[in-house]
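Q: One structure coming up, written as structure tokens, with questions to follow.
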Amino acid sequence: MDQLAEFAENRPRLLGLAYRMLGEASEAEDVLQDAYLRWARTGPVEVPAAWLTKVVTNLCLSRLGSARVRRETYVGPWLPEPVFTTGGQFGPLEQVEQRESLSLGVLVLLERLTPPERAAFVLREAFGYRHREVADVLDMDEAHARQLYRRAREHVGEPRRRFTASPGHREELVRRFLAAALEGDVAGLEGLLAEDVVAWSDGGGKVSAARRPVEGRPAVARLFIGLAAHPRATRMDVSIRTVNGEPAIVVHEAGDLYMIVCLEANDGRVTGLRSVLNPDKLAFAAAQQV
């Protein structure tokens, strides 16, 4: 197999790795371009997949420091770039761990981690790497790799609790939420929300969006009822699509992608909503639709 074909075969997995590491699909694409240039300059390697994984991981580690600095001065809540995930572009999503590690909720939790912790967590959770393999990628001994993963799990907590429902049940909850909001059914919408529900909106200072989290069942219900009742909403097309491995609300205006809302649920109620409106954050997803 020639080098281009070898890289193309590994590309979905590598893009999925870089995206989980960085939370930004556009940055992940840049990492893969850099990795390919290095791949094209190198001679034959014994295990191409392992070589490429190590290069991509190290490129991501070098970018995470500057990314964190940028996010500290970000206007309003920072959320990852949402991506459509039905085409296999980000690697396989058959397993629960693969899907949940791609969700916006878990990607936000990964911001708590140091770059090495994040790498250990992603390699282990999303790609099933053994501790010895993680250690090889990160150039450390196995005991250190185990410690990084343990600390990562402690900082992230137990995200699987939020993903226990089947995909069909999650989509039904999103449909009921959307219907209640569009119909102005305040009581119905509140009935779908957990008491301590939180809604985050990422406008990045580019478009109008709440710059603080909206907390509590009544306030979140009012927020989405108000959005659905806004005169501008009559010109929008609303659908449910698979985003980051989960059913999400996708809003277009005049054919342009305007907003993506990802819901997080537990015990049949919505516990969190993450709305991305920043057009820069939506550019990758918009290009996926072309």
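Start counting the sequence shown at 567; every next residue gets the next number (our numbering). Every residue gets a Cβ at the ideal spot worked out from N, C-alpha and C, and that includes glycine.
1. D822 by DSSP, collapsed to three states: which one?
2. Go ahead and pull the three-state DSSP assignment for P813.
3. At the level of alpha carbons, what is the spacing between E761 and F790?
4. Given that a residue counts as buried once 16 or more other Cβ atoms are within 10 Å of its Cβ, and exposed if not, what is S841?
5. Would you tell me roughly how many angstroms separate the C-alpha atoms of L627 and G757, rounded to the nearest one?
6. Curious, which full-length alpha helix (DSSP H) runs of at least 4 residues does the stretch 608-669 contain?
7. Buried or exposed: which applies to R586, given that a residue is buried once 16 or more other Cβ atoms fall within 10 Å of its Cβ?
8. Write down the C-beta distance between T651 and N810 rounded to the nearest angstrom, noting that I regard them as a contact closer than 8 Å.
9. Mind checking who R840 pairs with in its DSSP beta bridge?
10. Provide the residue span of the alpha helix (DSSP H) that contains R788, from first to last.
11. Classify T639 as buried or exposed, calling it buried when 16 or more other Cβ atoms lie within 10 Å of its own Cβ.
12. Helix, strand or coil for D691, going by three-state DSSP, please let me know.
13. Check this for me: beta carbons of A709 and V700, under 8 Å apart or not?
14. Can you name, in chain order, every residue of its own chain whose Cβ lies under 6 Å from the Cβ of A615, other than the five neighbours on each side?
15. Straight-line CA distance for G654 to T808?
16. From T623 to R604, what distance separates their C-alpha atoms?
17. Rounded to whole angstroms, how far is the Cβ of V703 from the Cβ of T619, which I believe are closer than 8 Å?
A: In short:
1. strand
2. strand
3. 16 Å
4. buried
5. 43 Å
6. 614-638 and 662-666
7. buried
8. 6 Å
9. W766 and C828
10. R783 to A795
11. exposed
12. At residue 691 the sequence reads Glu, which differs from the Asp that was named. Correct three-state label for E691: helix.
13. no
14. N576
15. 12 Å
16. 13 Å
17. 6 Å
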